[in-house]
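I have placed the structure first, in the form of structure tokens, so that the comments after it can refer back to it.
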Amino acid sequence: MARVTELLINGVKYSVDVDAGASLLSVLRDDLDLTGSKYGCGEGQCGACTVLLAGAPRRSCITPVGDAARKPITTMEGLEKDGQLHPVQQAFLDEDVMQCGYCTSGMIMTAVGLLKVHPDPTDQEIARYLEGHICRCGTYQRIIAAVRRAAKSMQEVRS
Amino acid sequence: MRLPNQPIANHPPTPSLTRRGNEDLVLTKEGCPEGGVVLASLEPERYEVNARPTYHFGMPRRDFFKVLGGGIAVFCLLDRTLGAQEAGRGGFRRDQALPQEISAWLHVNENGEVTVYTGKVEVGQDIRTSLTQAVAEELSVAPGSIHLLMGDTDRVPFDMGTFGSRTTPTMSPQLRRASAAAREVLIGLAAEAWKVDQAKLVAANGIVTDPESRRSASYGELAKGRELAKAIPAEDPLTPAAQWKVMGKPLGKVTGRDIVTGRHRYPSDIKLPGMLYGKVLRPPAFGATLSSLDAHKAEQIPGVTVVHDGNFVGVAAPSARVAESALAALSATWNSAPRQPSGAEIFQYFKKNAQPGEERNGHAIGSIEKGLAEASQRLEQTYTVSYIAHAPLEPRAAVAEWKDGKLTVWTGTQRPFGVRGELAEAFHLPEDHVRVVMPDMGSGYGGKHTGEAAAEAARLAQAAGRPVKLTWTREEEFTWAYFRPAGVIEVSAGVASDGSITAWEFHNYNSGAAAIGTLYNIPNQRIQFHPVNSPLRQGSYRSLAATANHFARESFMDELAHLAHMDPLEFRLKNLTDTRLRAALEAAGEKFGWEQNKPQPGRGFAKGRTLRGCGIAGGFDKGGYVATCAEVAVDPATRQVRVVRVVTAFDCGAVVNPDGLRNQIEGANNMGIGGALFEAIQFENGRILNPHFAQYRVPRFSDAPAIEVVLIDRRDVPSAGAGETPIVGIAPAIGNAIFAATGKRLRALPMAPKGV
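If you're matching them up, the sequences are chains E and P in order. My numbering applies: residue 1284 is where the first sequence begins, and numbers increase by one. My numbering applies: residue 109 is where the second sequence begins, and numbers increase by one.
Take a look at the structure:
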């Protein structure tokens, strides 16, 4: 089987040696100890493992690492820059979203992906975009509020 | 320098952390709110794990301050009398052992940093934040200087576990008392150093100040070079809620930044050097036993260890991927499992196999016959609830390491000491040879009281001679964890012509006794819980049977209201004198606009437009009073139900963290929508048929209604826990709203998995 020997994650080149068919999530978590991306179901049903692949949200648990080679990968660990949180991360704190926080990583990654293509989504659009994510603690309304807040703060920075 | 009444020990021996069996049972008398309103709430919860521990091994004694560093330590004693006996006037001598019955302790180090040691654990209910507030309040320090060390069995005193909403009513006051005592010790040190009257000094923000001389010293400075220990007999006064500065105000999740940056390590994120990855071979059905195993192919894979011990078969491998291959390479045959009841027949099975009603789990007052004779109308109905799964987003996970005959396991559990006991028993070890560490985990909802993954990882690590990590798949979590019990509830009642309920009979089969009693004023009652031997493994769940019992009771109250031609809210108030539940119902009704939205009789499906209806339900459990109003929309074409709007009023005494509490109430409503409308475990003859999120529907964004929360902040009443009770109102409120919208009464949870 083809092998993957290098991955570009959060702007850093990582050397690996794994089967191209291995899940991206397992390589991130087990091989590289980047545990910000979570295992929730392994079936693409819950969204906890979501990362950005070339800027677009992908379920890393069902993405073969071969598909991620030579593409920039962004994980939860890569959002903070020089101690400055990404606006979506900050908004999750400001809205006091988290209960257990286990779904947070995937939620934030998808929200970052959403705001890249849709900087001013309505609540309904946010909900629809995040529909593939599960928060068992049930913080959905707060997550929507956080994404809306992040959108607003990113617009303020731009203007 | 010695403080008055506070003998100082330079090197006190380490406490022997003897376990205590029942200090934290879910339903003890001490948990009774306001003079014991409802005896039924104090009845034992059948499915809580509450057995006394088998063993009483002490922890190895060590020099406390050698471990902690210098400073001030305060120990909370569980028992007041004991404290007075063993600790004298609140302190203890150098040559004296620390008292055994310690529930928590607190240490202020030479930098003024505060570490709190508690056996309670953080599972998303955010007690790490609310307990931090409690300590900050009484110790007069900034929340940021406080660290809670939670759920590490080698480092914290024994605790039964984190369940039953007991942290806020029990652990919080203990920590507050310890904090207040530590503050007094620090003030006393300053008073002695400055030779002034202790009463004239003030402590604030980690600094003791003498307002007269304007001298001040930080806690760190005062603690420097000290090794002071104090045991407190848990009777010191606490700051009244009216004077709270930190408690009672919102405080964001103290670990929030670690979570949004991915830095926080959940149990499934733990990694040790040289660690292997484990997988376990599961039987094809519950109760199936292993007939034969051919492990030859798997054992040929480099680095793989196969373990076969009785019915346990597992593999350990250098990577999770190799472990999966090794598991697939095993060839096993199983003896077929005994025939077991299936979902289709479960409710008949419960009725047929019920044990006689337990008086201790129910009660009788007055005479049902007399009450029915006084009634002008009678009604009886049967309600059912399905087994549902907790489905915590983080499945069970554990990392186990053996070193010098000692076992350490990092795992997600609500009962670290319970899991320690399980491991000790499984491996024939004394408990002091087992350490369980519980990093803040990806939720539990009552579903992680047990240590299956911990034992499996430990068995694999023992065989492999290396640490092993085991993370259950979602399918394993759906299948091999345990479920919220299913049940049948039969209710019958009589109503007099003025709308007062004259008789009330209530029988719960299997689902549990929590909140089985009623707060409504009914002179004649017979209430019983009938245990059944469940075919599926069942256990605790958020509010557990309180959800089922409230669903039946509050749906039935709605039915009675319609029978009596009364408004459902008016009917409830007519039969209720409990002031706190009345206040909750009235507050929810007012915020919701019940007067404008109340159900009109005789509505049915109308074509071409969405049907809307509103419902209300109220209840009480674990010290909290809740009332929930819901508005639903039913699509006449698809008959799908959507919950549009929810208002919940909640009274759990003095509110500690208003925003955290709102979050819990919102979350409980969202979670409760699943059990109310569509969650159900399907099973057939020992097999789970829907062990995936694609088949087991949980609430998602599109299910989340607009939620408004009304907090009834009773500063005159001690705080009760709040992670559970807010969930009990949503299912009956939805059912009653569906009835208002469609005229159709749904008496089975889930109510509308495929629409009304």
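Virtual Cβ for every residue (Gly too), placed ideally from N, Cα, C. Keep in mind it's a predicted model, so treat the numbers as computed, not measured.
- prompt: Are the beta-carbon atoms of P/Leu568 and P/Val415 separated by less than 8 Å?
  reply: yes
- request: Note down, in chain order, every chain E residue with its Cβ under 7 Å from the Cβ of P/Ile367.
  value: Listed along chain E, the residues sitting closer than 7 Å to P/Ile367 by beta-carbon distance are Met1381, Gly1384 and Thr1387.
field: Alpha-carbon spacing of P/Ala288 relative to P/Asp759, whole angstroms
entry: 27 Å
task: Can you have a look at P/Val182 and say buried or exposed, based on whether 16 or more other CB atoms are within 10 angstroms of its CB?
output: buried
query: For chain P, is any of its Cβ atoms less than 8 Å away from the one on E/Gly1396?
result: no
message: Which same chain residues end up closer than 8 Å to P/Lys379 when comparing Cβ atoms and leaving out the 5 residues on each side of it in sequence?
response: Val507 and Lys577
task: Rank P/Ala350, P/Phe586, P/Leu214 and P/Val517 by C-alpha distance to the C-alpha of P/Arg574 and give the top, closest one.
output: P/Val517
message: Considering just the uninterrupted stretch of the alpha helix (DSSP H) at P/Thr850, what are its terminal residues?
response: Ile838 to Thr850
field: chain P residues whose Cβ lies nearer than 7 Å to that of E/Cys1329
entry: From the beta-carbon of E/Cys1329, the residues of chain P found nearer than 7 Å are Leu501 and Phe801.
query: Can you tell me where the alpha helix (DSSP H) with P/Trp702 in it begins and where it stops?
result: Unbroken alpha helix (DSSP H) run through P/Trp702: Trp702 to Asn705.
message: Under DSSP, the alpha helix (DSSP H) around E/Glu1289 begins and ends at which residues?
response: Element bounds for E/Glu1289: not the alpha helix (DSSP H) but the beta strand (DSSP E), Arg1286 to Ile1292.
field: Contacts that P/Asp234 makes with chain E (C-beta to C-beta distance below 7 Å)
entry: Gln1382
message: Tell me the rounded alpha-carbon separation between P/Val229 and P/Arg447.
response: 39 Å
query: When the distance is taken between beta carbons, is E/Gly1384 closer than 8 Å to P/His215?
result: In this structure, E/Gly1384 does not lie closer than 8 Å to P/His215 by Cβ.
query: If you draw a straight line from the C-alpha of P/Asn632 to the C-alpha of P/Tyr649, how long is it?
result: In a straight line, the C-alpha of P/Asn632 is about 31 Å away from that of P/Tyr649.
message: Let's test the definition: count the other Cβ atoms within 10 Å of the Cβ of E/Gly1294 and tell me whether it reaches 16, buried, or not, exposed.
response: exposed
message: DSSP three-state label for P/Lys514, please.
response: strand
field: Segment contact, 8 Å Cβ cut-off, at least three pairs: the segment 779-798 of chain P with the segment 849-863 of chain P
entry: yes
- request: Decide if P/Asn618 is buried, meaning its Cβ has at least 16 other Cβ atoms within 10 Å, or exposed.
  value: Around the C-beta of P/Asn618, 16 or more other C-beta atoms lie within 10 Å, and the residue is accordingly described as buried.
message: Between P/Phe266, P/Ile781, P/Ala757 and P/Gly520, which has its C-alpha nearest P/Asp377's C-alpha?
response: P/Gly520
task: Check P/Ile214 in the structure and name its three-state DSSP category.
output: A small correction: the amino acid at residue 214 of chain P is Leu; Ile does not occupy that position in the sequence shown. Three-state result, P/Leu214: strand.
field: Anticipated Cβ contact below 8 Å, P/Arg284 with P/Glu245, distance rounded
entry: Going by Cβ atoms, the distance from P/Arg284 to P/Glu245 rounds to 7 Å, so yes, they are a contact pair.
message: Extract the residue ranges of the alpha helix (DSSP H) inside the segment 438-502 of chain P, only unbroken runs of 4 or more that lie entirely within it.
response: The segment 438-502 of chain P is shown to contain whole alpha helix (DSSP H) runs of 4 or more residues at 454-461 and 476-482, in chain order.
message: Taking beta-carbon pairs under 7 Å, can you tell me which members of the segment 1393-1421 of chain E lie near chain P?
response: Answer in chain order: Ala1410, Leu1413, Glu1414, Ile1417, Arg1419, Cys1420 and Gly1421.
Alpha-carbon to alpha-carbon, P/Ile340 and P/Gln193: Its pLDDT being 33, under 50, P/Gln193 is placed unreliably by the model, and the measurement read from it follows with that caveat. Near 11 Å, if we compare the C-alpha coordinates of P/Ile340 and P/Gln193.
field: Alpha-carbon to alpha-carbon, P/Ile454 and P/Leu671
entry: 30 Å
query: Excluding the five sequence neighbours on either side, which residues of its own chain have a C-beta within less than 6 Å of the C-beta of P/Gly552, listed in chain order?
result: Answer for P/Gly552: Val231, Pro500 and Gln522, listed in chain order.
Endpoints, the beta strand (DSSP E) within which P/Gln633 is located: Gln633 to His638
task: Can you tell me the Cβ-Cβ gap for P/Ala250 and P/Gly314, rounded? I've got them flagged as a contact below 8 Å.
output: 6 Å
- request: Compare the C-alpha of P/Ser427 against each of E/Leu1291, E/Asp1300, E/Lys1296 and E/Ile1292 and name the closest.
  value: E/Asp1300
field: E/Ser1309 at chain P interface by Cβ criterion, 8 Å
entry: It does: the Cβ of E/Ser1309 has a partner Cβ on chain P nearer than 8 Å.
- prompt: Taking the alpha-carbon positions, what's the P/Gly595 to P/Leu652 distance?
  reply: 11 Å
query: Do you know offhand how far P/Gly851's Cα is from P/Gly721's?
result: 10 Å
task: Enumerate, from N- to C-terminal direction, the unbroken alpha helix (DSSP H) stretches of 4 or more residues contained entirely within the segment 330-398 of chain P.
output: 364-368
- request: For my contact list, E/Leu1290 and E/Ile1345 are in at a C-beta cut-off of 8 Å; report their separation, rounded to the angstrom.
  value: Going by Cβ atoms, the distance from E/Leu1290 to E/Ile1345 rounds to 17 Å, so no, they are not a contact pair.
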